[in-house]
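Peer 1:
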Amino acid sequence: MNEQSAKADLLRYLTSARDALLWKLDGLSEYDVRRPLTPTGTNLLGLVKHVAGVEFGYFGDTFDRPYFVTEPTPSYYREDAEANADMWATAEESREEVVDLYRRAWAHSDATIEALPLDAVGRVPWWPEDRREVTLHRVAVHVITDTQRHAGHADIVRELVDGAAGMVKGNDNMPPGDRGYWESHRERVERAAREAGGR
810 MNEQSAKADL LRYLTSARDA LLWKLDGLSE YDVRRPLTPT GTNLLGLVKH
860 VAGVEFGYFG DTFDRPYFVT EPTPSYYRED AEANADMWAT AEESREEVVD
910 LYRRAWAHSD ATIEALPLDA VGRVPWWPED RREVTLHRVA VHVITDTQRH
960 AGHADIVREL VDGAAGMVKG NDNMPPGDRG YWESHRERVE RAAREAGGR
């Protein structure tokens, strides 16, 4: 496989993960995209905000191509930011602002992938010293994995919000079934869990 084909594959998987994550926001109110639905506060808009920062860091700072040079660095992206500031959106940060930031991260990341060879070496300053030196290929795989992981989080959070489930728009990748089917399926799984757990 030549370099351009390899880059095209990586970008296809990265784009798929990005699209899946943003799709989870569709049709939801401002409250529902921000609503914390786990004990650690996981929420849909926060996941998008987080992965924007991930892309700016890994495809920007790692390869000495920082994005925040000509415009102010968001407070949550600075080194002195409070813990988890990138995992939720304040009331003042609009959904459009967060999504736009993520789309700008995509463009910046894609430009880095286009400009550099896959064996280009960068340094991840927040990784342990013995692992900081990485190639663009390794970073691309890392970011794809991280984005897919967060898209999986978004799948669960969205299902908790309104029951909507599926992989991507136009291909939910779910067995056919109406609400009654899924309720019956869930009850069956619950019965099996109770039996196995001696309840």
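Heads up: the sequence shown runs through residues 810 to 1008, numbered per the working numbering. Ideal placement from N, C-alpha and C gives every residue a C-beta, glycine not left out. In this text, all values refer to a predicted model and were calculated from it rather than measured experimentally.
Buried or exposed: where does residue 843 fall if 16 or more other Cβ atoms within 10 Å of its Cβ makes it buried?
Peer 2: Buried, since its Cβ has 16 or more Cβ neighbours within 10 Å.
Peer 1: Return the Cβ separation of residue 864 and residue 914 in integer angstroms, given the expectation that the two are a contact with Cβ distance under 8 Å.
Peer 2: The pair is a contact, with the Cβ atoms about 4 Å apart (cut-off 8 Å).
Peer 1: Closer than 8 Å is the cut-off here; do at least three beta carbon pairs connect the stretch 952–964 with the stretch 851–866?
Peer 2: Cβ pair count under 8 Å is three or more, so yes.
Peer 1: Judging by CA-CA distance, which residue of 873, 916, 967, 866 is the nearest neighbour of residue 846?
Peer 2: It is 967.
Peer 1: Where residue 898 and residue 981 are concerned, what is the direct C-alpha to C-alpha distance, given to the nearest angstrom?
Peer 2: If you take the alpha carbons of residue 898 and residue 981, they lie about 27 Å apart.
Peer 1: Which word fits residue 827, buried or exposed, when buried means at least 16 other C-beta atoms lie within 10 angstroms of its C-beta?
Peer 2: Result: buried.
Peer 1: Are the stretch 927–934 and the stretch 869–877 touching by the rule of at least three beta carbon pairs closer than 8 Å?
Peer 2: They touch, by the three-pair rule.
Peer 1: If we ignore side chains and look at the alpha-carbon of each, how far apart do residue 997 and residue 814 end up?
Peer 2: Between residue 997 and residue 814, the C-alpha separation is close to 45 Å.
Peer 1: Rounding to the nearest angstrom, what Cα-Cα distance links residue 886 and residue 1003 in this structure?
Peer 2: If I take the Cα positions, the gap works out to 45 Å.
Peer 1: Report yes if the CB atom of residue 834 is closer than 7 Å to the CB atom of residue 853, and no otherwise.
Peer 2: Taking 7 Å as the Cβ cut-off, residue 834 and residue 853 qualify as a contacting pair.
Peer 1: Look up residue 944 in the DSSP assignment and give the residues it is bridged to.
Peer 2: Paired residue(s): 930.
Peer 1: Shortest alpha-carbon distance to residue 818 belongs to which of 949, 1007, 986?
Peer 2: Looking at the Cα atoms, 949 is the closest of the given residues.
Peer 1: What residue does the alpha helix (DSSP H) around residue 840 start on, and which one ends it?
Peer 2: Unbroken alpha helix (DSSP H) run through residue 840: 839–843.
Peer 1: Cα separation between residue 841 and residue 866?
Peer 2: Spanning the two alpha carbons is a distance of roughly 28 Å.
Peer 1: May I have a chain-ordered list of the beta strand (DSSP E) segments no shorter than 3 residues that lie completely inside the stretch 886–939?
Peer 2: Listed in chain order, they are 930–932.
Peer 1: Taking C-alpha atoms, which residue in 874, 990, 946, 938 lies nearest to residue 1072?
Peer 2: Nothing can be reported for residue 1072: it is not among the residues displayed for the chain, which extend from 810 to 1008.
Peer 1: Can you tell me which of the three DSSP states residue 990 falls into?
Peer 2: Residue 990: helix per DSSP, three-state reduction.
Peer 1: Output needed for residue 894: all residues of its chain with C-beta closer than 6 Å, excluding positions within five of it in sequence on either side, in chain order.
Peer 2: 885, listed in sequence order.
Peer 1: Verify whether the separation of the beta carbon atoms of residue 965 and residue 816 is less than 7 Å.
Peer 2: Against a cut-off of 7 Å, the Cβ pair of residue 816 and residue 965 comes out as no contact.
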